[in-house]
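As structure tokens, the structure follows; a few thoughts come after it.
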Amino acid sequence: MSEYINPDYVPEPEKMNVKKGLEGVVMDTSKVSKVNAETNSLVYRGYPVQDLAENCTFEEVAYLMYSGELPNKAQLEEFSKKEKSLRDISKDNLNIIKSLPKKCHPMDSIRTGVSFLGCEDTRIWDSTPTTNLDKAIQLLAKIPTMVAADYRFKKGLDFIAPNPALSISENFFHMCFGKVPDARVVKAFDVSLILYAEHSFNASTFTSRVVTSTQSDIYSATVAGIGALKGPLHGGANEMVMHMMMEIADPTKAEQWMIDALAQKKKVMGFGHRVYKSGDSRVPTMKKYAQVMADVIGDQKWMQMYNSLEKVMVEKKKIYPNLDFPAGPAYYMMGFEIDFFTPIFVMARTTGWSAHIMEQTADNRIIRPLSEYVGSAQRKVIPISERK
374 MSEYINPDYV PEPEKMNVKK GLEGVVMDTS KVSKVNAETN SLVYRGYPVQ DLAENCTFEE
434 VAYLMYSGEL PNKAQLEEFS KKEKSLRDIS KDNLNIIKSL PKKCHPMDSI RTGVSFLGCE
494 DTRIWDSTPT TNLDKAIQLL AKIPTMVAAD YRFKKGLDFI APNPALSISE NFFHMCFGKV
554 PDARVVKAFD VSLILYAEHS FNASTFTSRV VTSTQSDIYS ATVAGIGALK GPLHGGANEM
614 VMHMMMEIAD PTKAEQWMID ALAQKKKVMG FGHRVYKSGD SRVPTMKKYA QVMADVIGDQ
674 KWMQMYNSLE KVMVEKKKIY PNLDFPAGPA YYMMGFEIDF FTPIFVMART TGWSAHIMEQ
734 TADNRIIRPL SEYVGSAQRK VIPISERK
């Protein structure tokens, strides 16, 4: 066929409407959640997220994600019983997490642990609705165990097995610290999981749906989501917020720090959002519980700093905090190491990922967008012996 190709032919450049970052592109329908830019609101299956955070447990919201409806008492009891029965991880998985270099980021540890779950699952290629639901509940149950195991191992401490008598949030504190804290701390943590559980077609969820669209398995799609969430422009932002606050150190210096940062056009983490332009509806609730944490520990330092930074940014730039801004100091005041903030995000977001994975599987078409080529025009290959 090559003799019919004119080597001197240069095609006209295609005129394509490129949407960098897929901004504004609607690529599918979903019943899982809705982000409303006009009202800066977020709903899960029709319920405002702040109402869920104040009135439900994380287990109830996980049930909602998977089934589409909030559970009654009997349904929640059955769901929680199953989740609690699946919390244990194998000795092999535990040993793999323990053998990882201590310097590796916890997101790499949890990514590896989820990959191993897939290796252990004899039903890995079964993506029927019932089986995928079982796998979703298994991920909900086992990911906190893996995160807590990694937390302990990185500190040179022994693994603490999950306690089936405790809720997801209580059990996570138990596995990390060996005790369950004040009920106000547990509630603040539970609220954070609910607020982080789902957020429409964000980068990690979209990544999970792309992998699912190839008819790959739920573990591969979850690992892909973890990889996307690790980035500082997505999930890693809550870690960067706390590093920023640690750098400022003194609340009385926060206002001037922000003024200088804006003048120098520095990237300030925890502010702004691709969709929300005048405030993230999750922030007031999370800020409320960050303040609860400050009251519990008896130290207002981080909230004083929070208020000063927020005040300058809003006054100078009309840019508002996103969820990562209050979540970072809240997790720090709960006692967690900074590099574990994003794995906690994974614990929450696995519910949203699983809901989207199941939705994509139920009505699938492989996701394959186009790109506009802007490279060299067609060229003739010169043999290597003739190239200069």
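Under the working numbering, the first residue of the sequence shown carries the number 374, and numbering increases by one thereafter. Glycine included, every Cβ here is placed at the ideal spot set by N, Cα and C.
Simplified DSSP assignment, three categories, for residue i
i: Y649; result: coil
i: F709; result: coil
i: Y592; result: helix
i: F574; result: coil
i: P694; result: strand
i: P421; result: strand
i: F452; result: helix
i: N390; result: coil
i: E376; result: Because E376 carries a pLDDT of 49, less than 50, the predicted location of this residue cannot be relied on, and the following value inherits that uncertainty. The answer is helix: DSSP assigns E376 an H, G or I state.
i: Q751; result: coil
Beta-carbon proximity of residue i to residue j, cut-off 8 Å
i: E612; j: I711; result: yes
i: S406; j: E571; result: yes
i: R460; j: T504; result: no
i: S565; j: A700; result: yes
i: V553; j: L530; result: no
i: F562; j: S581; result: no
i: M615; j: Y746; result: no
i: S651; j: V422; result: no
i: A345; j: M642; result: The structure shown does not extend to residue 345, since the chain is modelled only from 374 through 761, so no value can be given for it.
i: Y569; j: R722; result: yes
i: D590; j: S500; result: yes
i: F489; j: N466; result: yes
i: I740; j: S586; result: yes
i: V669; j: D555; result: yes
i: L606; j: K690; result: no
i: M720; j: I516; result: yes
i: A509; j: Y439; result: yes
Boundaries (first-last residue) of the beta strand (DSSP E) holding residue i
i: K684; result: Taken as a continuous stretch (DSSP letters only), K684 belongs to no beta strand (DSSP E), being part of the alpha helix (DSSP H) at K674 to K690.
i: V416; result: S414 to Y417
Rounded Cβ spacing between residue i and residue j (contact assumed at less than 8 Å)
i: S463; j: L473; result: Actually they do not touch by this definition, with Cβ atoms about 16 Å apart.
i: V584; j: S593; result: 6 Å
i: V391; j: V648; result: Contact doesn't hold; Cβ gap of about 20 Å is too wide.
i: P624; j: K674; result: 6 Å
i: G609; j: S577; result: Not really, about 11 Å apart at Cβ, beyond 8 Å.
i: F644; j: M686; result: 5 Å
i: L682; j: M631; result: 5 Å
i: E456; j: L513; result: 6 Å
i: T658; j: A426; result: 5 Å
i: N695; j: H646; result: 5 Å
i: T485; j: L602; result: That pair is no contact at about 15 Å.
i: P479; j: F713; result: 5 Å
i: V665; j: R557; result: 6 Å
i: I567; j: C477; result: I567 to C477, Cβ: 29 Å. No contact.
i: K393; j: G441; result: About 34 Å; that fails the 8 Å criterion.
Start-to-end residues for the alpha helix (DSSP H) that takes in residue i
i: V408; result: It is not in any alpha helix (DSSP H) - V408 instead sits in the beta strand (DSSP E) that spans S406 to N409.
i: K603; result: Neither: K603 is in no alpha helix (DSSP H) and is coded neither H nor E.
i: F532; result: No alpha helix (DSSP H) holds F532; DSSP gives it neither H nor E.
i: A630; result: The question names Ala, yet the displayed sequence has Trp at residue 630. A627 to A636 is the span of the alpha helix (DSSP H), which, as asked, contains W630.
i: D517; result: For the sequence presented, residue 517 should be read as Pro rather than Asp. First-last of the alpha helix (DSSP H) with P517: P502 to K527.
i: Q664; result: V656 to I670
i: K464; result: K464 to S472
i: H547; result: I541 to F550
i: P479; result: P479 to E493
i: R741; result: Careful: R741 lies outside any alpha helix (DSSP H) and carries neither H nor E.
i: I730; result: F714 to A735
i: I621; result: A610 to I621
i: L568; result: A556 to Y569
i: M438; result: F431 to S440
*Could you tell me whether the stretch 514-534 touches the stretch 452-470, using the rule of 3 or more Cβ pairs below 8 Å?*
Yes, since at least three Cβ pairs between the stretch 514-534 and the stretch 452-470 fall closer than 8 Å, the two stretches touch.
*Pairing CB atoms from the stretch 721-736 with CB atoms from the stretch 542-557, are three or more of them under 8 Å?*
When Cβ pairs closer than 8 Å are counted between the two stretches, the stretch 721-736 is seen not to touch the stretch 542-557, the count staying below three.
*the stretch 430-439 touching the stretch 720-731, judged by at least three CB pairs closer than 8 Å*: Segments in contact, yes.
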